[in-house]
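Protein chains in written order, with the working numbering: chain A, 21 to 387; chain B, 7 to 132. Every residue, glycine too, gets a C-beta built ideally from N, C-alpha and C.
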Amino acid sequence: MEIKKTSLNKLHQSNNAKFVEFAGYEMPIQYSKGIIEEHKFTRSHSGIFDVSHMGQLFIYGDETLTEELEKIFPLDLKNLKQNCSKYSFLMNEDAGIYDDLIITKIEEGYLIILNAACKDKDFEILSNLLGSKFKMNLDNNRSLIAIQGPKSVEILNSIINGVDQLNFMTGNWFDSDNQKLFVTRSGYTGEDGFEISISNDKAEKFVENLIEKGAQLIGLGARDTLRLEAGLCLYGHELDINKTPVEANLRWAISKSRLSNGGFIGSKKIMNQMQDGASQIRVGIKPEGRLIAREKTKIFDDTDTQIGEITSGTFGPSVNGPIAMGYVNKEFSKVDTKILLEVRGKKHPANVCALPFYKKNYVKGVN
Amino acid sequence: MSEVKFSKEHEWITLEGDVATIGITKHATEMLGDIVFAELPEKGSNVEKDGTAGVVESTKAASDVYTPVSGEVVDTNQAIVDDPSKINEDPEGSAWFFKLKMKDQSEMDSLMNKEEYDKFAKESTS
């Protein structure tokens, strides 16, 4: 199959991107400055991320659509206000996760942002569940641009006036340069920032404009170190079809009002696990010293019994040390529990720690 | 000091008397990206030509460091373990990895000179 390119591919090339294949797309892993500088620039200034490979699924409908979606997602969608977003999951009956996603209620229905590697299958699953009652559009004509970091609000607001009035996890349509953009205040870095849905033919010029105002392009490499410092899950690593939201320590994302009556896919398993606890749970892990424990590193207790596995591990440039996330048996999930990580045949000490590794406050209450 | 020689695994080596100094090439660091961890062989241990003699990790991945010649490890560069970013800054100078007392200096003969290595590195990238 031919590798797919986003509408910013030429711009990545002219900015000396190193490319990798990701979910069938040719995507920039880094630019000439490298992952650590790109990471730090995002934390101190403003980074631009091409996330156009992700799925933008528009589903059109009224209250009946809300009712149907409540049978699928563990969310209180009836009480979700227009232009408000929620983090959620598409699950199977065993609460195994097909995908994690952001769903936003828009005037015409819902906009769901899906992972690139999952979007086609998600579309199929949702089409089967919803039947042909609602118009669904996995929109390939729109690009998705994220801008993240403390200077982002000022930069973006100078191009799209009014985005500074958005609260975290809300969005709206804006007019800019004779086009309709859907902007949400959200992101995947632990920083204040925005995601902008824009038609493909306007994307390159828009990003050039952001660069002119002082933002810089950031690759997937720094996106990964940023999200890991922020303690955020990456599908295919922390989350997959064999993990549930409770095991992933994401019970906060399940609406409380939906737990008493269930009625969403996977609700029985979720309710059982909420009551009895899960046998394994996702935790933050800090190796001692500088050792990096990558994905699939085995975790042991001091009696040589394997108690878990790392799902993501790297060097955190802002933490200035190695960080990881993984699953451990629940009796080892308390903060400050001593564990051992087997790297290149040797066991190295590490500690279970609280997430995130790096924290800033998101913007709330601007209007 | 001898001419700098290079291996296909992207190490450089110089010889002074019977002691070889070994590090990784600038080209290698450019391929790896930001290096954030380095592990070196133990002093006093013996390493065999083309065997592993350390590890470097970038933000992206771990890579073995090989030794292009055999010998006994007589010194290691603790400065790059304490601050691995030095490897990106000066890979073919102050950020050497380890020194070996060589057993068989003829092992140097099969290694590449600078011109050969530059050509090899260019071809292996494209």
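- Residue environment analysis places A:Ser27 among the buried positions, since at least 16 neighbouring C-beta atoms fall within 10 angstroms of its C-beta.
- Across the set A:Phe352, A:Pro265, A:Glu351, the C-alpha of A:Pro265 shows the shortest separation from the C-alpha of A:Tyr118.
- For A:Thr86, no beta strand (DSSP E) run applies; the uninterrupted alpha helix (DSSP H) run containing it begins and ends at 83 to 90, by DSSP.
- According to DSSP, residue pairing for B:Ile41 in a beta bridge involves B:Ser64.
- Rounded to whole angstroms, the gap between the alpha carbons of A:Asn371 and A:Thr323 is 16 Å.
- Nearest to A:Gly151 by C-alpha distance, out of A:Glu232, A:Leu89, A:Leu240, is A:Leu89.
- A check of alpha carbon separations from A:Lys91 across A:Tyr382, A:Ala298, A:Lys288 identifies A:Lys288 as the nearest.
- At a C-beta separation below 7 Å, B:Phe104 has no neighbours in chain A, since its nearest C-beta there lies roughly 17 Å away.
- Judged by pairs of C-beta atoms under 8 Å, the segment 267 to 283 of chain A does not touch the segment 73 to 87 of chain A, as fewer than three such pairs exist.
- Fully contained in the segment 99 to 159 of chain A are the following alpha helix (DSSP H) runs of length 4 or more, in chain order: 139 to 150.
- Here A:Phe335 is near A:Ile312, since their CB atoms are less than 9 Å apart.
- The continuous alpha helix (DSSP H) containing A:Asp221 extends over residues 220 to 232.
- Judged by their CB atoms, A:Met74 and A:Leu164 are nearer to each other than the 9 Å cut-off.
- For A:Ser163, the uninterrupted beta strand (DSSP E) run begins and ends at 162 to 168, by DSSP.
- The Cβ-Cβ distance between A:Tyr51 and A:Gln236 falls below 9 Å.
- DSSP places B:Glu78 in the uninterrupted beta strand (DSSP E) bounded by 77 to 82.
- Using a Cβ-Cβ cut-off of 9 Å, A:Thr334 counts as an interface residue toward chain B, since at least one Cβ of chain B sits closer than that to its own.
- Interface flag for B:Ala68 against chain A is set, since a Cβ pair is found closer than 9 Å.
- Note on geometry: alpha-carbon atoms of A:Ile126 and A:Gln102 lie some 5 Å from one another.
- For the 9 Å CB-CB criterion, B:Ser69 and B:Val53 do not form a contact.
- When DSSP states are grouped into helix, strand and coil, B:Glu9 belongs to the coil group.
- Straight-line measurement puts the Cα of B:Phe12 at about 16 Å from the Cα of B:Val25.
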